[in-house]
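**Q** Numbering (UniProt numbering), first residue to last: 1 to 937. Every residue gets a Cβ at the ideal spot worked out from N, C-alpha and C, and that includes glycine. Quantities reported herein were computed from a predicted structural model and do not represent experimental measurements. Have a look at the structure that comes next, please.
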């Protein structure tokens with residue numbers, strides 16, 4: 001459609017007399033003049049709802065509207081009429097009902113939207129009933145159309161009809177007839193439509209008549225807002241509603257003056273201009289309370305301490321406020337408030353002094369009792385303190401007591417009115433002071449006025465307990481004890497009493513020895529037996545308490561050539577020759593257990609190195625079926641051959657028991673039995689069987705032996721060699737307990753056994769304390785990383801089972817190693833052994849020794865025991881041993897090793913190692929003479 005010229009036509013005021021033209025168009029114009037006047041009532045000042053902002057109201061526009069009409073003649077006409085108050089208003093009307101195909105347009109001026117996103121158009125109009133007009137059948141309409149068009153500015157003098165967007169077709173609820181006009185019946189229609197105008201700065205409205213007899217009495221355009229409001233002490237500004245009828249506009253409020261936010265205040269502005277869903281809000285600040293949506297200051301004599309408090313409160317007793325807006329009330333003179341007291345608490349005073357202090361002396365102890373203060377100051381937190389008493393004797397000044405004095409239940413903060421003071425000196429004057437305190441004592445500065453004192457003199461008392469007991473010159477039937485004098489002898493020590501008994505007897509039978517000196521030789525003891533010793537001192541006041549139990553063990557029977565008092569270092573050398581297999585197996589078992597669960601990487605084969613041969617190790621996790629690996633590397637055992645005797649511990653997968661294995665054609669042997677607990681997962685079953693698959697690939701005297709497995713019935717079991725002495729660390733602690741003066745030659749033998757059984761592991765779950773730095777950081781597991789681990793185990797052996805890095809957590813261990821920290825030498829550790837450990841812990845892998853070099857080093861050390869006696873400062877020996885220059889080694893001659901008279905069986909029985917009888921016999925050691933040739937190999 002071509003653009004229609006919308007000229008601002010002549011807006012005639014129809015106040016002239018009827019004319020011929022008017023008569024010809026009676027149906028178009030005349031009917032409106034007769035009824036329009038009584039329908040309208042207006043004034044220049046209109047009152048609208050508070051949530052509506054008017055953009056256009058034709059009733060309030062002074063003068064002509066001059067809207068554009070098309071066609072400019074014969075269509076919409078502007079008419080000025082007078083309302084009932086004789087105030088002129090401008091209206092538009094059209095009544096071309098006799099002519100078909102009407103298309104009469106009326107466009108408003110450009111209306112700026114002023115931030116509105118949706119506007120509402122309110123149209124008040126009258127409409128003639130087509131049935132009341134004769135001869136207009138088919139041409140008369142009773143509706144008109146409402147359009148709009150958005151524009152950024154008012155520059156358009158004409159506009160295409162196609163550019164307008166239709167809002168709605170508007171129909172009348174009420175229409176009038178010619179009779180209605182005569183009777184002046186008011187039938188005014190009011191219709192409201194909403195339009196989304198959110199893309200341009202303003203818009204036009206247009207009314208299209210298609211053949212109705214209609215008059216636009218008034219047009220009002222407005223938009224809705226949520227008006228300024230205060231909710232929960234937060235102000236929410238006037239807010240324009242959203243563009244959609246269902247939209248909610250989130251608005252953040254701001255706290256009113258003298259208030260602070262408790263939770264972010266928010267509300268939502270609805271499309272109808274109503275506030276919805278209040279969230280959060282504000283509190284009045286301390287010293288202010290809410291009144292009428294604002295915060296008012298607390299008046300004099302009142303206070304408010306915290307924002308969440310409901311309102312101002314009256315000052316508590318013994319306090320006052322002298323100004324408006326007080327947050328706390330000040331205490332009256334001589335009254336105080338503690339830092340922990342709430343502002344609502346009354347001001348209080350410190351207590352008066354305790355009353356009726358009495359004392360009862362019992363040797364070197366004093367019982368003090370007193371009555372509570374007469375005045376508690378209005379508080380219930382009274383407590384009592386005892387400054388450390390002063391002591392003196394004769395004319396001496398009163399001096400503070402030593403820290404050994406004991407108060408029971410305590411020295412400070414007492415809630416009871418009784419205390420026992422012990423560990424005092426005999427025949428000494430003491431002054432005790434009891435202070436009464438409460439929460440405001442410190443604030444008040446009160447001191448002496450709150451205390452009471454008493455002076456007493458202690459009596460004679462028995463000595464305190466003996467401490468620092470040592471055992472020296474331990475032999476098979478005797479030992480020498482020495483000790484320190486009691487810390488508080490409380491007089492002249494007249495004698496010491498020594499009580500001792502075998503540990504297994506638990507004081508059922510004991511012996512007593514007395515001596516005037518601080519040492520005693522105890523004889524007539526049984527060999528290889530643990531004894532418990534108690535020592536106490538006696539003065540004129542009687543015996544003191546026994547010392548805590550001190551345990552020491554006698555040595556085993558020596559060889560026939562060894563006499564009384566021989567150094568037990570050489571005894572271990574003979575023992576280690578036979579028992580080295582036990583120690584080695586336990587040590588290597590730890591290494592194999594720690595490393596057998598390493599990463600389940602897909603390595604088909606890994607080469608294992610030791611000093612004699614190369615063995616191919618097959619990773620069981622490369623097998624799709626774990627049963628295939630277990631059947632290849634382990635022997636299936638009939639469960640009827642196993643007799644379980646007792647539970648000895650809990651493993652990762654279930655119980656660990658000891659028992660016996662009787663295989664047809666073989667002698668019965670002791671075994672350890674590990675079982676897989678019920679309810680296991682597939683992964684737990686695979687891990688359990690893979691452990692046996694790994695152990696089954698090794699056949700070495702220094703690695704625990706796998707006897708077989710049970711997989712054809714439940715529970716699944718792994719049967720291994722039984723290690724009677726348990727784990728290496730526990731066994732080493734036993735050694736440390738029984739052999740306090742052990743020579744390190746035996747421990748070097750243990751380390752040699754470990755070195756011959758170490759193997760290369762594929763890596764996985766990493767025991768941090770035993771793992772090399774590159775294995776932790778990059779999972780690089782090589783022979784060099786195993787050397788690092790071997791050095792840690794060596795340190796465990798020499799320290800008798802001490803935990804590496806003690807209580808440090810894994811992260812601290814990693815950090816310490818990265819910063820260059822290395823484990824220090826254990827107590828009395830030979831310097832050459834510690835140097836060997838440090839060599840194993842070199843940061844660079846290439847600088848660590850090989851296992852062959854370690855074995856050579858240890859072999860030289862055990863053959864030259866003199867080097868093991870250097871326990872500090874001198875690392876020259878280690879360098880010499882590593883270089884292998886024998887001429888520079890100072891060799892001590894080892895005395896001839898002796899065994900007791902009798903058979904090999906008796907000797908093994910005395911050591912508790914009789915189970916190695918057959919092993920020694922098979923190796924040719926059948927007599928005492930052959931034992932003298934026993935070596936570490």
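1) According to DSSP, is residue 629 helix, strand or coil?
2) What's the gap between the Cα of residue 609 and the Cα of residue 758?
3) Give the list of continuous beta strand (DSSP E) stretches no shorter than 3 residues that lie fully inside the UniProt domain "Fibronectin type-III" (350-461).
4) Under the assumption that residue 675 contacts residue 662 (Cβ atoms under 8 angstroms), give the Cβ distance between them as a whole number of angstroms.
5) Apart from the five residues on each side of it in sequence, which residues of its chain come closer than 8 angstroms, Cβ to Cβ, to residue 924?
6) Are the CB atoms of residue 544 and residue 678 within a distance shorter than 8 angstroms?
7) When the Cα of residue 265 is compared with those of 237, 317, 273, which residue comes out closest?
8) Drop a sphere of 10 angstroms on the beta-carbon of residue 107, count the other beta-carbons inside from all chains shown, and report buried for 16 or more, exposed for fewer.
9) If you compare alpha carbons, which of 92, 85, 87, 68 is closest to residue 79?
10) Applying the 10 Å Cβ sphere with the 16-neighbour rule, what's the burial state of residue 198?
11) Say whether the region 142-151 touches the region 229-248, bearing in mind that this needs 3 or more beta-carbon pairs closer than 8 angstroms, one atom from each stretch.
12) Starting from the C-beta of residue 359, find all residues in its chain whose C-beta is less than 6 angstroms away, skip the five residues before and the five after it, and write them out in chain order.
13) Return the CA-CA distance between residue 200 and residue 51, expressed in angstroms with no decimal places.
14) So, is residue 65 buried or exposed, given that buried needs 16 or more other C-beta atoms within 10 angstroms?
15) Go through the UniProt domain "Fibronectin type-III" (462-558) residue by residue and report every complete run of the beta strand (DSSP E) that reaches 3 residues or more, in order.
16) For residue 920, which of helix, strand or coil comes out of DSSP?
17) Ends of the alpha helix (DSSP H) at residue 716?
18) At a cut-off of 7 angstroms, would you count residue 292 as near the ligand NAD, judging by its Cβ distance to the nearest heavy atom?
19) Put residue 267 into one of helix, strand or coil per three-state DSSP.
20) Do residue 126 and residue 207 have their beta-carbon atoms positioned less than 8 angstroms apart in this structure?
21) From the DSSP output, in three-state form, read off residue 806 for me.
22) Consult DSSP for residue 104 and reduce its assignment to one of helix, strand or coil.
23) Going by other Cβ atoms of all chains shown within 10 Å of its Cβ, with 16 needed for buried, is residue 841 buried or exposed?
24) Which residue's Cα is closest to the Cα of residue 224: 128, 255, 270?
25) Based on the DSSP secondary-structure assignment, which residues constitute the bridge partners of residue 314?
26) Between the Cα of residue 278 and the Cα atoms of 246, 304, 233, which residue gives the shortest distance?
27) Three or more C-beta pairs under 8 angstroms: does that hold for the region 419-432 against the region 315-332?
28) Going by DSSP, name the residue or residues bridged to residue 642.
29) Closest to residue 63 by C-alpha separation, out of 87, 828, 917, would be which residue?
30) Between the beta-carbon of residue 532 and the beta-carbon of residue 551, is there less than 8 angstroms?
31) Opposite residue 669 in the DSSP bridges: which residues?
32) Under 8 angstroms: do the region 471-483 and the region 520-528 share three or more Cβ pairs, one atom per stretch?
33) Could you check whether the region 832-850 touches the region 781-793, counting it as contact only if at least three pairs of C-beta atoms, one from each stretch, sit closer than 8 angstroms?
34) Runs of 3 residues minimum, wholly inside the region 139-180: which ones carry the beta strand (DSSP E) assignment?
35) Please determine if the region 695-714 and the region 627-645 are in contact, where contact requires at least 3 C-beta pairs separated by less than 8 angstroms.
36) Considering only residues of the same chain and omitting the five flanking positions on each side of residue 468, which have a CB-CB separation below 7 angstroms?
**A** On the basis of the data shown:
1) helix
2) Note on residue 609: pLDDT 35, under 50, position unreliable in the model; the coordinate value appears next. Taking the straight line from one Cα to the other gives about 8 angstroms.
3) 355-362, 365-371, 383-385, 390-392, 406-408, 418-422, 429-437, 451-457
4) Contact doesn't hold; Cβ gap of about 18 angstroms is too wide.
5) Answer for residue 924: 930, listed in chain order.
6) no
7) 237
8) Residue 107 comes out buried.
9) If we check each option's Cα against that of residue 79, 92 comes out closest.
10) exposed
11) no
12) 366, 368, 454, 456
13) 23 angstroms
14) buried
15) 467-472, 479-484, 495-502, 511-515, 519-522, 530-539, 550-553
16) helix
17) Neither: residue 716 is in no alpha helix (DSSP H) and is coded neither H nor E.
18) This structure simply doesn't include the ligand NAD, nor any ligand for that matter.
19) Note: residue 267 maps to strand in three-state DSSP.
20) no
21) coil
22) strand
23) Residue 841 comes out buried.
24) 270
25) 302
26) 233
27) no
28) 661
29) 87
30) yes
31) 661
32) yes
33) The region 832-850 is in contact with the region 781-793.
34) 143-151, 165-171
35) yes
36) 483, 484
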